[in-house]
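320 is the number of the first residue of the sequence shown in my numbering; add one for each residue after it. This report concerns only the one structure given below.
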Amino acid sequence: MIGGFNLKSTNWVKIAASLLTLWVISYLTLAYLGAFGRLEHAGIVNDIPRPAAQFKQARSHQKVAAMALAVDDNQILFGDLHAHTTYSIDAFQYSLGLMGGEGAHPPADACDFARYCSALDFWSINDHAEHVTPDHWMETKESIRQCNATAGDPTNPDMVAFLGWEWTHAGTRPDNHFGHKNVILKDTEEDSVPVRPIHAKGAGTVIRTATAAERLFLPFLDPGNQQRVYDFNKLTDTVYAYPDCPEGVNVRDLPVDCREGTKTPRELFEKLDQWGGEAMVIPHGNSWGIYTAAGTTWDKQLKDGNQRSDYQFMIELYSGHGNSEEYRNWRATNIDALGNLSCPAPSDNYLPSCWRAGQLVEGRCLSDGGAVTECADRATRTRQLYVDYHQAGANVVGGTSIENWLNAGQCTDCFQPAFNFRPGGSAQYALSVTNFDQGDKPQRFNFAFMASSDNHVGRPGTGYKEYDRYDNTETSGVQGEFARKLVYHQTEYSAMPREGDFANLPPVKKFEHERA
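The following block contains the structure:
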């Protein structure tokens, strides 16, 4: 004892503090390195086909209905050619507890849901190619084969599962944006399908890696599901650890464990040619403005070999993201003959988001006592900045709420339109445009129409019945007020337009995710 202190006890406190510090440092180091994460596997497909009696009854009902209507006795099949599993990074992200998710939904889950719940006749798996590791691609192929092996009589299967992926192209400007397309293969045998899926190398492609802060602290936002967060970080680390494949090399001569990508649809078609076999390429979400630059149109996809009717003969005009069918003659951005951008004035049924941004800044300026001319100049400057920043334009106005934007950017007289609607990407626009560059051989799109779920929880065909909206639709979102404030961090209120490096913001801040 010295001065009333027990040296022995003091030493133990120091030792305990040192051990605790060492434990914290060790944990943070291992968490940062991804040591706690595990990769998800495909799961096991249930090996029981749908009851044969149920299958025959459905076909019998169709025949009876056809006779009653005095129409041809053609077989009507229902399917979903756009379904994601948690092999896709965005789907995995939505599966986290802090996003309101319910955990893993691997390929086997998708097969079982399509067979036993939505009772589809066919479906395809379309995970984002840039997220699919070599191991996950091998497991995806095997899972699809298992799904088909459970279908019963091969000449009359209860369901057909197609192998495929999503080519997720995103540009930064109207002239370099080609949009998302699903690639669906006819064959599933190992020697008849690509060794690796082909992803899109767009200038605006989102790289979904975890930041240091997310690695270290995200698990604490979801303490009951920490392992799932560790697994998410493991997936992102693994995906981007593989090198890009060398360009200009035949697909059959490339290494197995590289990431194969293309910059344009023409390059995608060329690689599919090299692989051989039959495939469909189905564009989708072309009017969905959350990632599509304002002013984007179909015109450039009729040039430079970017349209092949032997591959691309169908368009998905409706999904969980909304309707991309209807054309309107307004635009979110005006583009002149020299490529200069400007903000269009509002029309009867449309308020451009760039115009609304100017209104917000002008209103704040006037509320602060600014001169009318000065406030009008700020509004003009804000509108120009908005269109110049393309998809990140909403960031030019600081401290806004969802309500501040009113219905800006939305097609108010369309049927269930896609968010921030881009009419130049609509199906009606695509069918109206023609390329006359080849004189007597004009090129046009000749699309069949289809709709899909674009489901991200391994549930193809969720539209079969309107129930359980939260689980069956893309209704997930950040849970808890603290987490919401952290993720959707509000910028500082200002009566001046903001400028900055918005193009390099993370997706949740760059795009209008919260409003969408």
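Every residue gets a Cβ at the ideal spot worked out from N, C-alpha and C, and that includes glycine. On a predicted model such as this, the values are computed, not experimentally measured, just so you know.
Comparing alpha carbon positions, the residue from D454, A387, F551 closest to Y561 is D454. Nearest Cα to D820 within the set S813, K828, V575: K828. Fully enclosed beta strand (DSSP E) runs of no fewer than 3 residues occupy 633-638 of the segment 602-690, in order along the chain.
Straight-line measurement puts the Cα of N668 at about 7 Å from the Cα of D732. A direct Cα-Cα distance of roughly 26 Å separates G717 from T528.
Minimum Cα-Cα distance from N475 among the listed residues T530, Q394, A410 corresponds to Q394.
K829 sits in a helix when the DSSP states are folded into three classes. Ranked by Cα distance from V514, the first of D576, Q412, K500, T524 is D576. If you draw a straight line from the Cα of S813 to the Cα of G682, it comes to about 11 Å. Contiguous alpha helix (DSSP H) elements confined to the segment 775-833 occur at 788-791, 800-806, 826-829, taking only those with 4 or more residues. DSSP, reduced to helix, strand and coil, places D446 outside both helices and strands of the structure shown, so it counts as coil. Secondary structure of V752 (DSSP, three-state): coil. Unbroken beta strand (DSSP E) stretches of 3 residues or longer found wholly inside the segment 471-532: 479-487, 499-504, 517-519, given in chain order. Under the three-state reduction of DSSP output, V600 falls in the strand class.
For A727, no beta strand (DSSP E) run applies, since DSSP gives it neither H nor E. In this chain, F397 is not harboured by any beta strand (DSSP E), its DSSP state being neither H nor E. Between K553 and G356, the beta carbon gap of about 3 Å places them in contact (Cβ cut-off 8 Å). Annotation for F551: the continuous alpha helix (DSSP H) segment containing it runs 545-558. The count of Cβ pairs closer than 8 Å, one atom from the segment 757-774 and one from the segment 395-409, reaches three, so the stretches are in contact. Assignment of D563 by DSSP, reduced to helix, strand and coil, places it in the strand class.
Judged by DSSP secondary structure, T581 falls within the beta strand (DSSP E) whose first and last residues are 579-581. When rounded, the separation of the alpha-carbon atoms in S795 and Y786 is 15 Å.
For R650, the closest of E644, E833, A612, G624 by C-alpha to C-alpha distance is A612. For S638, the closest C-alpha among the options H775, G595, A335 is that of H775. For the pair G744 and S606, the CB atoms are nearer than the 8 Å cut-off. Judged by DSSP secondary structure, M769 falls within the beta strand (DSSP E) whose first and last residues are 767-770. When C-alpha distances from G416 are compared across Q757, L725, A350, D541, the shortest belongs to D541. Taken atom to atom, the span from the alpha-carbon of G521 to that of E566 is near 15 Å.
Take the alpha-carbon of R702 and the one of Y351: they are about 41 Å apart.
With respect to the 8 Å criterion, S407 and C430 are not classified as neighbours on the basis of their beta carbons. Taken through DSSP and simplified to helix, strand or coil, F411 comes out as helix.
Going by DSSP, M386 is part of the alpha helix (DSSP H) stretching over 371-388. Taking a C-beta distance under 8 Å as the contact criterion, A489 and V525 qualify as a contact pair.
In the assembly as shown, T810 is an exposed residue. Its beta-carbon has fewer than 16 other beta-carbons within 10 Å. Here Q703 carries a helix assignment [DSSP, helix/strand/coil].
With a threshold of 16 other beta carbon atoms within 10 Å, H380 falls short and is exposed.
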